[in-house]
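Residue 3 is where the sequence shown starts when you use our numbering, and the numbers rise one by one after that. Every residue gets a Cβ at the ideal spot worked out from N, C-alpha and C, and that includes glycine. All figures in this text were calculated on a predicted structure; none of them were measured in a lab. Remarks on the structure that follows.
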Amino acid sequence: MADAERKKHVRFAGPAEAAEGPRTAPRPPRLLAAPAAEVAVVGGGWRRGGGGAGAALRWCISGALCAAFLGLGMSIAVLGPTFPNLAANVHKNISDIYYIFVGRSLGYLGGSVVGGVLFDCVNAHLLLGLSMLGTTIGLFAIPWCKKSMLLTVLMSVIGGSMGILDTGGNILALNTWGVEAGPHMQALHFSFAAGAFVAPILAKMALGGSVPKDLAGDGKTNQSILKLVPTALTPSALKPHLGVDFLWSYVVIGTYLLFVSFFFFILYLRSGSARDKSKASSQKHVIAKYHYALIFLLFTFFFCYVGAEVTYGSYIFTYAKVFVAMKENEAAALNSVFWGAFAACRGVAICFAACLYPGTLIVLSIMGSVLSSACLVLFTSHPLSLWAGTAVYGASMATIFPSGISWIEQYTVIQGKSASLFVVGAALGEMCIPAAVGYLQGRFHHVPVIMYTALATSAMTLVLFPIMYKLASVPGQRDSKEAGESEDRKALLSNSAKME
Numbered sequence: 003m004a005d006a007e008r009k010k011h012v013r014f015a016g017p018a019e020a021a022e023g024p025r026t027a028p029r030p031p032r033l034l035a036a037p038a039a040e041v042a043v044v045g046g047g048w049r050r051g052g053g054g055a056g057a058a059l060r061w062c063i064s065g066a067l068c069a070a071f072l073g074l075g076m077s078i079a080v081l082g083p084t085f086p087n088l089a090a091n092v093h094k095n096i097s098d099i100y101y102i103f104v105g106r107s108l109g110y111l112g113g114s115v116v117g118g119v120l121f122d123c124v125n126a127h128l129l130l131g132l133s134m135l136g137t138t139i140g141l142f143a144i145p146w147c148k149k150s151m152l153l154t155v156l157m158s159v160i161g162g163s164m165g166i167l168d169t170g171g172n173i174l175a176l177n178t179w180g181v182e183a184g185p186h187m188q189a190l191h192f193s194f195a196a197g198a199f200v201a202p203i204l205a206k207m208a209l210g211g212s213v214p215k216d217l218a219g220d221g222k223t224n225q226s227i228l229k230l231v232p233t234a235l236t237p238s239a240l241k242p243h244l245g246v247d248f249l250w251s252y253v254v255i256g257t258y259l260l261f262v263s264f265f266f267f268i269l270y271l272r273s274g275s276a277r278d279k280s281k282a283s284s285q286k287h288v289i290a291k292y293h294y295a296l297i298f299l300l301f302t303f304f305f306c307y308v309g310a311e312v313t314y315g316s317y318i319f320t321y322a323k324v325f326v327a328m329k330e331n332e333a334a335a336l337n338s339v340f341w342g343a344f345a346a347c348r349g350v351a352i353c354f355a356a357c358l359y360p361g362t363l364i365v366l367s368i369m370g371s372v373l374s375s376a377c378l379v380l381f382t383s384h385p386l387s388l389w390a391g392t393a394v395y396g397a398s399m400a401t402i403f404p405s406g407i408s409w410i411e412q413y414t415v416i417q418g419k420s421a422s423l424f425v426v427g428a429a430l431g432e433m434c435i436p437a438a439v440g441y442l443q444g445r446f447h448h449v450p451v452i453m454y455t456a457l458a459t460s461a462m463t464l465v466l467f468p469i470m471y472k473l474a475s476v477p478g479q480r481d482s483k484e485a486g487e488s489e490d491r492k493a494l495l496s497n498s499a500k501m502e
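See below:
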């Protein structure tokens, strides 16, 4: 009965197509290419828009996402330079409130998971706007918080909001640009690195240049902050830094995020009923045969990569002083070389991503990280090798995360839950690997654990990527919806040919 109805429907559509002609081309065979020329709204994003308005809207979305990730980088990094002020504000020693980092990390993990689920059923623009609004409220409230436990709760809330923003931003970029997302993903993560670079400068300006040099490093390196800050600093010793100056950096970043959130609310109003239309998000994708294996392997891949990145940035200062006997200013410069090369290469990668496949960028990055980490292991105490190896290692690590997300999207459907697993893997690597290295370095004082970790994680990514590529290359199957539409088109063309 169902087959009869279907045939009747197809026979009715045949003459209609013959009389009217397809909308996008003068001849019926072009029907097979029609979906690629349509504007599809995917989770609030516009993909492959043929008109000027659709293209302009996609660029507006990319601009808003880059602005949001700039704020995300600043929100994460501002904690490091203002950490002593927060400790004094809650009347604690610095060593007594380390758990605020744990609270923020747990919130970040939870936000990534929750965001991955919500982005499959809620408009992306609305959710991103709300997440930035939540981060703004938390940033405004933190300077007025006088209790350490309340500060931890606020940090958890901010971490959750940032986790949603991190996951959702990657999803929205993929849904907006599809296979063309490479340069835009690189721009997104370059904006994050730029924000992390700007935040300590902003905090130092707000505090009138009184930030201790040991605290002016990168805000992502939680462990380095705890190791470099003297635990003897007491709340009374830090009192002069409190007041309007202390509030200023949080207020500026919070106001900036509030401003950016308005753009996403405007995009939400512009997108209309995008939530219902987002059901078509997988219409042009193929589900990889080993979809879940790929997701798990990329989870492990990002775990190793981000863990190695944060570990090196966290401990290279201490390593240079202990193993190479560098002066403090030289060690700080070495740390800056790593993060400077990292940020600069992310900026340059925006151009390279427009002409190179994501897989090519990943291979080049992995080879660079393996060679540089091998040199760092072989010449552990040679200053010239340390400077050159650090620069190459930082540059090699820059493009892997955004390129990895762009690469996997070419082979299988990436929805909210999958993207959240990538962010969770990265966050777990950032938590676990630096902690393990710190423990091992404390047990084995004369072993350069950081360099062996860099080599081991690079070797791990070198092994994982060919396996992922092999699994991704196995022909997959299209989802049921696309398969049904394909059958309808074939039947339509067949019946049109018969009627001619």
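Distance, Cα to Cα, residue 126 vs residue 170? 7 angstroms
Let me know the secondary structure DSSP gives residue 289 once reduced to three states. strand
What do you get for residue 345, buried or exposed, if any count of 16 or more other CB atoms within 10 angstroms of its CB means buried? buried
With a cut-off of 8 angstroms, do at least 3 Cβ pairs link the region 292-308 to the region 154-165? no
Cα separation between residue 60 and residue 140? 30 angstroms
Inter-stretch contact (C-beta, 8 angstroms, three-pair minimum) for the region 392-407 and the region 140-157: no
Can you tell me where the alpha helix (DSSP H) with residue 180 in it begins and where it stops? Residue 180 -> no alpha helix (DSSP H), and no H or E assigned at all.
Residue 138 lies in the alpha helix (DSSP H); which residues open and close that run? 126-143
Work out the CA separation of residue 373 and residue 451 for me, nearest whole Å. 17 angstroms
For residue 309, tell me which candidate among 463, 183 and 477 has the shortest Cα-Cα distance. 463
Ignoring anything shorter than 4 residues or poking outside the region 398-449, list the alpha helix (DSSP H) runs there in chain order. 402-411 and 418-445
Nearest to residue 250 by alpha carbon, out of 68, 152, 106 and 84? 84
How big is the Cα-Cα spacing for residue 474 and residue 294? 11 angstroms
Whose C-alpha, out of 185, 112 and 389, is nearest the C-alpha of residue 403? 185
Nearest to residue 394 by alpha carbon, out of 65, 315, 343 and 204? 343
So, residue 322 versus residue 332, is the Cβ gap smaller than 8 angstroms? yes
Three-state secondary structure (DSSP) at residue 328? coil
Assigned exposure category for residue 355 - 16 Cβ within 10 Å defines buried: buried
Return the residue from the list 183, 433, 80 and 113 that minimises the CA-CA distance to residue 351. 183
If you compare alpha carbons, which of 92, 81 and 179 is closest to residue 412? 179
Considering only C-alpha positions, which residue in the set 371, 151, 364 and 175 is nearest to residue 405? 364
Straight-line CA distance for residue 419 to residue 168? 13 angstroms
Could you give the first and the last residue of the continuous alpha helix (DSSP H) run that contains residue 83? Counting along the chain, residue 83 falls outside any alpha helix (DSSP H), and DSSP gives it neither H nor E.
Since I believe residue 195 is in contact with residue 76 (beta carbons under 8 angstroms), could you give me their beta-carbon distance rounded to a whole number of angstroms? That pair is no contact at about 11 angstroms.
Helix, strand or coil for residue 123? Go by DSSP, reduced to three states. coil
Please work out which residues of its chain come closer than 6 angstroms, Cβ to Cβ, to residue 469, disregarding the five sequence neighbours upstream and downstream, and give them in chain order. none
When the distance is taken between beta carbons, is residue 118 closer than 8 angstroms to residue 158? no
Find the nearest neighbour of residue 269 within the set 66, 477, 330 and 476, judged by alpha-carbon distance. 66
Assuming residue 378 and residue 388 are in contact, meaning their beta carbons sit under 8 angstroms apart, how far apart are those beta carbons, in whole angstroms? 7 angstroms
Report the rounded CA-to-CA distance for residue 73 versus residue 338, giving the unit in angstroms. 21 angstroms
What is the DSSP secondary structure of residue 381, counted as helix, strand or coil? coil
The alpha helix (DSSP H) that contains residue 472, what's its start and end? 451-475
What does the Cβ neighbour count give for residue 441, buried or exposed, with the cut at 16 atoms within 10 Å? exposed
Helix, strand or coil at residue 92 [DSSP, three-state]: coil
Roughly how many angstroms lie between the CA atoms of residue 233 and residue 416, to the nearest whole one? Residue confidence for residue 233 is low, a pLDDT of 37 falling below 50, so the modelled location carries little weight; the figure read from the coordinates is stated next. Using only the alpha carbons, I get a separation of about 45 angstroms.
Return the chain-ordered list of same chain residues with a C-beta closer than 7 angstroms to the C-beta of residue 446, the five sequence neighbours on each side being excluded. none
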